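K.L.:
To convert, count from 1 in the sequence shown and add 1159; that's our numbering. Note that the Cβ used here is the ideal one computed from N, Cα and C, for glycine as well. Predicted model, so just to flag it, every value in this text is computed and none were measured. The structure follows.
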Amino acid sequence: MSYEEEGKMYVKYEVIGENHVAVPTRFFKVIFTNAEAGLKSLAAFILPNKEMLDRHSIDEFLTAVDKVERAAGFLFLQSTFLEKLNIEENICYYLNSDSILYLGGFQINLVK
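Laid out in C-alpha cells, this is it:
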C-alpha cells in the first residue's frame, strides 16, 4: 500500500519472522495463449494477498498487462512483440465452477 508524505512516495507492508521477510499485499498472474490456428489472447490479473470469505468473479481482478508491469517493475512482453501477435483484445471467460477459466479458447485449471 503506497502513500505520499512531504512530496515523497512510500510503501507500507507487513514483515514476518526474525528476518523481517516482506509479505506481498497483492499477487499477479499474466496468461498468454498462442494457438496454431492463430487465436491468441492475453489476460492479466492482480489479486489481493488475503483470505477472501465472499465469492468473487475472476473478472473483478482482470486488469491491463501494463498495470502489472508497472507494479512488478519489469516487462512481460515488449510492445513490438505484442504488435506482431496482432492481439485484438483480452479474451477471458470464467465459468461458474470454482476452478475453470476459458482463455482464448483454452481451458485453464486455476489453482485455489
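Note the first and the last residue of the continuous beta strand (DSSP E) segment covering GLU1159.
P.N.:
This structure leaves residue 1159 out entirely; the chain is present only between 1160 and 1271.
K.L.:
Is VAL1224 buried or exposed, if buried means 16 or more other CB atoms sit within 10 Å of its CB?
P.N.:
By the 10 Å Cβ count, VAL1224 comes out buried.
K.L.:
Taking 8 Å as the threshold (C-beta atoms), are VAL1174 and VAL1180 in contact?
P.N.:
In contact: VAL1180 and VAL1174 (Cβ atoms closer than 8 Å).
K.L.:
When you compare the CB positions of ARG1185 and LEU1206, do they come within less than 8 Å of one another, or not?
P.N.:
Cβ atoms of ARG1185 and LEU1206: closer than 8 Å.
K.L.:
Between which two residues does the beta strand (DSSP E) harbouring LYS1167 extend?
P.N.:
From DSSP, the beta strand (DSSP E) with LYS1167 extends over 1167-1170.
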